[in-house]
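The structure under discussion appears below in the form of structure tokens.
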Amino acid sequence: MTWTRRHLLDVEDFTSADLDLILDRAQQLAERPSGARPGPDSLPGHRVALLFAEPSTRTRLSFEIAARNLGAETFVLDPPASSMVKGETLADTARNLGAMGFGSLVIRHRRWGAPWVTARHFPGSVINAGDGAHAHPTQALLDLLTLRRALKADSLTGRKVVIVGDLLHSRVARSNIWTLTADGADVAVCGPAGLLRGFDVVARRLPGRLFVTDDLSAALAGADAVMALRIQRERMSGAALSVGEYVGRYRIDEARMALAGPAARFLHPGPINEGVEVTREVATGPRSLVLEQVRNGVPIRMAVLALLAATTRQEKRDESSERR
Amino acid sequence: MTWTRRHLLDVEDFTSADLDLILDRAQQLAERPSGARPGPDSLPGHRVALLFAEPSTRTRLSFEIAARNLGAETFVLDPPASSMVKGETLADTARNLGAMGFGSLVIRHRRWGAPWVTARHFPGSVINAGDGAHAHPTQALLDLLTLRRALKADSLTGRKVVIVGDLLHSRVARSNIWTLTADGADVAVCGPAGLLRGFDVVARRLPGRLFVTDDLSAALAGADAVMALRIQRERMSGAALSVGEYVGRYRIDEARMALAGPAARFLHPGPINEGVEVTREVATGPRSLVLEQVRNGVPIRMAVLALLAATTRQEKRDESSERR
Amino acid sequence: MTWTRRHLLDVEDFTSADLDLILDRAQQLAERPSGARPGPDSLPGHRVALLFAEPSTRTRLSFEIAARNLGAETFVLDPPASSMVKGETLADTARNLGAMGFGSLVIRHRRWGAPWVTARHFPGSVINAGDGAHAHPTQALLDLLTLRRALKADSLTGRKVVIVGDLLHSRVARSNIWTLTADGADVAVCGPAGLLRGFDVVARRLPGRLFVTDDLSAALAGADAVMALRIQRERMSGAALSVGEYVGRYRIDEARMALAGPAARFLHPGPINEGVEVTREVATGPRSLVLEQVRNGVPIRMAVLALLAATTRQEKRDESSERR
């Protein structure tokens, strides 16, 4: 199997072979000695634009480290001080960055679908670093790498993962559902009914693989991993219950983790509202994979940048041989 | 002819020999293989400060890419979070950056003349990246390079360029007038009379070379290139006509481009207000040089940084040989 | 004497041997030819995070230059656009940066003590770049280096330094008191009584070394150096006098400098409010060391980064040999 995608916009159609290819590459990159420049994946002179129209230091830093580890050059576009974002369309921005010789464009945007618009006008690779509540592909990939490594497994076949919290506003959940099930896991999404709206439709596309429930105890039974999502007070209106009630019914604590398998692990995409969706005890305890998730973000993004750049370079080679 | 300027503040006094020198150097730099470090122009260890007190991602990125292409180190000064801008005078900022060993200072400032103040206190080279509505030298140089390359000409002698739009607020126009006429072109500036104020004075300094008119059809006749300028609703009060009326009388569309020469090209310094000063059809069509302008910004800024740094280094050599 | 600290949080307990070690290293780094990579202090692949939750371009740039001079990689965390700062605790931020492989974390924070909290959760070195009105260690170190070099002395034994201005809000003064007296100097702090609150307590810990007075003439008598601190109108309510009255009684001008020793030098941590706490004549005149302070900031921060990183690396070596 070879990699032929030019952009990473979504993971909805990823096969288990796609996942193996990225994760194996990331695993190799994670194991190389720190400071070493990777030979074949090296991207000297490759320019990476980081356009974060929504705040996110962690994801931006992770991409920036990944790109520089590959020998690429990173340029941070500051959106509040950016005529590209204010005065131009995304299409113009994408074309201008292309004209300046950028090879990769990492974009986070409040608007669902913004990376697709960008990709239509950008001559290099576009990587979706989160669009609205829609998709966050690299987060799903790093979560999968984290789970495979923690469970010492080549795939998640026969495993069960519970995602609990504000599903409604979560691009992390929406991307994880596809990668986790494609890798063989059963997934349960759980929370107050008002925060699960729309997931019944997704469940119909994944029969017997995706379960939607507001009953946390049922969801947790036999789970290998529990992923909690951030709860934001200002987004709880759709939940028809208060934050206090949420805490009482859904906060992940040691007692609830005990309902899952004895070796069940805890994940969270961050930033964590400690004491709301999870107790500090669980978030920083021995079951927690939170720092492993952060750690694995770098090799995943290195693998993605390297694979996509290889496609673009191959396309250019094909074009120039066609011309002859 | 050798280059002896230390700063690039304005292009008002540039001769055709000055222009040839910069543009030839830029042309050489544009043609070198991507990723290659330019030998004699290389600036390792040279520190470039980017002080953009007005928003501009595109120009800042272009300078940043140019400086890094030369092997220099770039430092972005963030003005909103900058005590240098808020609490200090520009003179203090310039002296402090000098003490930190910066060799080049690229400055954009809302205040007309700010780069001159800065240059008086900075020991290296100051490059004006746009001061108020006054000057934008590197934009004028990249526009000239774009036109020469598109017209496959060594100079613009005998050519005609029309600049249309909000001339009143345009530093791009004010710089282009000098470089275009110095390179041999005739220039017509065109727009509602209220947005042409002051240009009659400039025209008297360029008799038979600069034409000021509110009649677009007359201006366009026989033009080799049409440059549209951004129209901003909030600046139209001086125009004594509405944006709607502006569109009716001055928006560049295919029909109006047809009034110019059959091979006439379209330029715009960006960001474009599509549908206002130009139709999308023209802006992204085959006559458009907009992306070529963005592309040529990088080698122009490389040439400027390299030429100015060479002067500073020569001055230092002269000083140390005088001391002996 | 060898260096065993992992963090630079405060200078309150620094001995004269500590100061010699840092300043000698900084002196060596200052004297190396520009552009040269320092052999043993080199930090290739070392990641430095710059987290400035309060505005400061000058200090941030100085650290950024210092880190890059050592071959380290710098990453600027933008706090307004930073979920790390808004949505997370400092502890979470520190742990996440550790997981991303950062070796050094330079932090400026409005909150007194923030660097200590950070250090408890960060696996590398934390450097306090200013916390509230509490401490600013590298500023005190660069001030000491500047004074030693200007006075051509190996220590400040027998010297007298006057610090005048808004002591109440000054982390610079609070750090300088410890380093100056540890290096042998007598220190007088001077200003309106309301801006000296709390310094009597410190004076009791430094008997015969620290003098607190509102009488500027008495303070200046025989001083080798005068350091003025920034006066901010909005902070003068505690002073029980107006800015105009402050200027009349405390502004440093040539006449007042003449009350100090004939060769007395002037320092200021910047940014300067020219005409308020000091006249332009003194600030930019031959007695002024203001630009020397800026210049010496770079080698001081190089020395600090290199010494702390060496400790971390030694700890890792010790851990891995214990494991065997």
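Residue numbers (the working numbering), protein chains in the order written: chain Y, 1 to 324; chain P, 1001 to 1324; chain D, 2001 to 2324.
In this text, a Cβ means the ideal position worked out from N, Cα and C, and glycines have one as well.
* Asked: Counting Cβ pairs closer than 8 angstroms, one from the region 2132-2140 of chain D and one from the region 2199-2207 of chain D, do we hit at least three?
  -> no
* **Sequence ranges, alpha helix (DSSP H) only - wholly within the region 2102-2183 of chain D, length at least 4** => 2114-2121, 2137-2150, 2171-2182
* Asked: Which word fits Y:E292, buried or exposed, when buried means at least 16 other C-beta atoms lie within 10 angstroms of its C-beta?
  -> For the purposes of this step, residue 292 of chain Y is taken as the residue at position 292 of the first sequence. With 16 or more other Cβ atoms within 10 Å, it is buried.
* Using 7 angstroms as the limit for Cβ to Cβ distance, is P:L1145 near chain Y? -> The sequence position of residue 1145 of chain P within the second sequence is 145, counting from 1. Cβ-Cβ to chain Y under 7 angstroms: no for P:L1145.
* Using a threshold of 7 angstroms, state whether the C-beta atoms of Y:L206 and Y:T181 are closer than that. => Counted from its first residue, the first sequence places residue 206 of chain Y at position 206. Counted from its first residue, the first sequence places residue 181 of chain Y at position 181. Taking 7 angstroms as the Cβ cut-off, Y:L206 and Y:T181 qualify as a contacting pair.
* To do: Mind listing the chain P neighbours of Y:L305? Cutoff is C-beta to C-beta under 9 angstroms, in chain order.
  => By 1-based counting over the first sequence, the position of residue 305 of chain Y is 305. Within chain P, no residue comes near Y:L305; the closest Cβ sits about 17 angstroms away, beyond 9 angstroms.
* Asked: Taking the Cβ atom as the reference point for each residue, do P:T1157 and P:N1296 lie within a distance shorter than 7 angstroms?
  -> As a working note, residue 1157 of chain P is residue 157 in the second sequence. As a working note, residue 1296 of chain P is residue 296 in the second sequence. Their beta carbons are not under 7 angstroms apart, which means P:T1157 does not touch P:N1296 by this criterion.
* Tell me where the alpha helix (DSSP H) around Y:T93 begins and ends. => Numbered from its first residue, the first sequence carries residue 93 of chain Y at position 93. 90-99 is the extent of the alpha helix (DSSP H) around Y:T93.
* To do: Would you give the residue range spanned by the alpha helix (DSSP H) that Y:L29 belongs to?
  => Counted from its first residue, the first sequence places residue 29 of chain Y at position 29. That run of the alpha helix (DSSP H) goes 16-31.
* To do: Report yes if the C-beta distance between P:V1294 and Y:A99 is below 7 angstroms; otherwise report no.
  => Here the question's residue 1294 of chain P lines up with position 294 in the second sequence. Here the question's residue 99 of chain Y lines up with position 99 in the first sequence. Taking 7 angstroms as the Cβ cut-off, P:V1294 and Y:A99 qualify as a contacting pair.
* Look at D:V2212 and D:A2219 and say whether their C-beta atoms are less than 7 angstroms apart. => Translated into the one-based positions of the third sequence, residue 2212 of chain D becomes position 212. Translated into the one-based positions of the third sequence, residue 2219 of chain D becomes position 219. Cβ atoms of D:V2212 and D:A2219: not closer than 7 angstroms.
* To do: Give me the Cα-Cα distance between D:A2306 and D:A2049, rounded to the nearest whole angstrom.
  => Taking the third sequence and counting its residues from 1, the one referred to as residue 2306 of chain D is at position 306. Taking the third sequence and counting its residues from 1, the one referred to as residue 2049 of chain D is at position 49. Distance between the alpha carbons of D:A2306 and D:A2049 is about 15 angstroms.
* To do: Could you spell out the range, first to last residue, of the beta strand (DSSP E) harbouring Y:T74?
  => Taking the first sequence and counting its residues from 1, one reaches residue 74 of chain Y at position 74. That run of the beta strand (DSSP E) goes 73-77.
* Would you mind listing the beta strand (DSSP E) stretches within the region 1192-1252 of chain P that are 3+ residues and don't spill past its ends, in chain order? => 1210-1213, 1225-1228
* Using the C-alpha atoms, what's the distance from Y:N176 back to Y:V276? -> For the purposes of this step, residue 276 of chain Y is taken as residue 276 along the first sequence, with counting starting at 1. For the purposes of this step, residue 176 of chain Y is taken as residue 176 along the first sequence, with counting starting at 1. If I take the Cα positions, the gap works out to 22 angstroms.
* Asked: Do Y:G165 and Y:L229 have their C-beta atoms within less than 7 angstroms of each other?
  -> The residue you call residue 165 of chain Y lines up with position 165 of the first sequence. The residue you call residue 229 of chain Y lines up with position 229 of the first sequence. Taking 7 angstroms as the Cβ cut-off, Y:G165 and Y:L229 qualify as a contacting pair.
* To do: Please report the Cβ distance between P:G1270 and P:V1290, rounded to the nearest whole angstrom; I am assuming they are in contact, meaning their Cβ atoms lie under 8 angstroms.
  => Counted from its first residue, the second sequence places residue 1270 of chain P at position 270. Counted from its first residue, the second sequence places residue 1290 of chain P at position 290. Indeed, because the Cβ distance is near 7 angstroms, the residues count as touching under 8 angstroms.
* Answer with yes or no whether the minimum CB distance from D:E2054 to chain Y is below 7 angstroms. => Within the third sequence, numbered from 1, the residue matching residue 2054 of chain D stands at position 54. With 7 angstroms as the cut-off, D:E2054 does not count as an interface residue toward chain Y.
* Asked: Hey, does Y:L335 have any beta-carbon neighbour from chain D nearer than 7 angstroms?
  -> Here chain Y comprises residues numbered 1 to 324, so residue 335 of chain Y is not present and cannot be evaluated.
* Secondary structure of P:E1315, DSSP reduced to three states -> Reading the second sequence from its first residue, position 315 is the one you call residue 1315 of chain P. Helix.
* Asked: Based on the DSSP secondary-structure assignment, which residues constitute the bridge partners of P:S1288?
  -> Working through the second sequence from its first residue, we reach residue 1288 of chain P at position 288. Note: P:S1288 sits in a beta bridge opposite P:F1266.
* To do: Verify the CB distance criterion: does P:V1172 have a CB-CB separation below 7 angstroms to chain Y?
  => The residue given as residue 1172 of chain P occupies position 172 in the second sequence. So no, P:V1172 is outside the interface.
* To do: Using a Cβ-Cβ cut-off of less than 9 angstroms, give me the residues of the region 39-64 of chain Y that come near chain D, in sequence order.
  => F52, E54, P55, S56, T57, R58, T59, R60, L61, S62, E64
* Asked: Going by beta carbon distance, what residues of the same chain come within less than 6 angstroms of P:H1109, once the five residues before and after it are set aside?
  -> Translated into the one-based positions of the second sequence, residue 1109 of chain P becomes position 109. Within the same chain, P:H1109 has close Cβ partners A1053, D1131.
* Nearest-angstrom Cα distance between Y:G71 and Y:P44? -> Within the first sequence, numbered from 1, the residue matching residue 71 of chain Y stands at position 71. Within the first sequence, numbered from 1, the residue matching residue 44 of chain Y stands at position 44. Cα to Cα, the separation comes out at about 5 angstroms.
* Is DSSP giving P:V1187 helix, strand or coil here? -> Residue numbering aside, residue 1187 of chain P sits at position 187 when the second sequence is read from its first letter. Residue state, collapsed to three classes: strand.
* **Amino acids of chain Y, ordered along the chain, whose beta-carbon sits closer than 7 angstroms to that of P:R1068** => In the second sequence, the residue the question calls residue 1068 of chain P occupies position 68. The contacting residues are E73.
* Asked: What is the residue span of the alpha helix (DSSP H) that Y:L61 lies within?
  -> On the first sequence, residue 61 of chain Y is found 61 positions in, with the first residue counted as 1. It spans 57-69 - the alpha helix (DSSP H) in which Y:L61 sits, taken as one unbroken run.
* Would you kindly work out how many angstroms separate the C-alpha atoms of P:V1085 and P:N1128, rounded to a whole number? => For the purposes of this step, residue 1085 of chain P is taken as the residue at position 85 of the second sequence. For the purposes of this step, residue 1128 of chain P is taken as the residue at position 128 of the second sequence. Unreliable placement is indicated for P:V1085, whose pLDDT of 45 sits below 50; the coordinate value is still reported in the next sentence. Straight-line Cα distance between these residues: approximately 16 angstroms.
* To do: With hydrogens ignored, establish whether the beta-carbon of D:I2252 is closer than 6 angstroms to any heavy atom of the ligand FAD.
  => With respect to small molecules bound, the structure shown includes none, and the ligand FAD cannot be examined in it.
* Is there at least one Cβ from chain P nearer than 7 angstroms to D:R2313's Cβ? -> The count along the third sequence starts at 1 and reaches residue 2313 of chain D at position 313. Not closer than 7 angstroms to any Cβ of chain P, the Cβ of D:R2313 fails to qualify, so no.
* Asked: Which residues bound the alpha helix (DSSP H) around P:V1282?
  -> Within the second sequence, the letter at position 282 stands for residue 1282 of chain P. Unbroken alpha helix (DSSP H) run through P:V1282: 1280-1283.
* Exposure label - D:G1996; buried when at least 16 CB within 10 Å -> In the structure as shown, chain D starts at 2001 and stops at 2324, and residue 1996 of chain D therefore has no counterpart that could be examined.
* Interface residues of chain Y around D:A2099 at Cβ under 8 angstroms? -> Position 99 of the third sequence, counted from the start, is the residue given in the question as residue 2099 of chain D. What D:A2099 touches in chain Y: L291, E292, V294, R295.
* 7 angstroms Cβ cut-off: residues of chain Y touching P:I1300 -> As a first step, residue 1300 of chain P is located in the second sequence; it is residue number 300 there, counting from the start. Within chain Y, no residue comes near P:I1300; the closest Cβ sits about 12 angstroms away, beyond 7 angstroms.
* To do: Have a look at P:T1004 and P:T1311 and give me their C-alpha separation to the nearest angstrom.
  => Position 4 of the second sequence, counted from the start, is the residue given in the question as residue 1004 of chain P. Position 311 of the second sequence, counted from the start, is the residue given in the question as residue 1311 of chain P. P:T1004 and P:T1311: Cα-Cα distance of roughly 6 angstroms.
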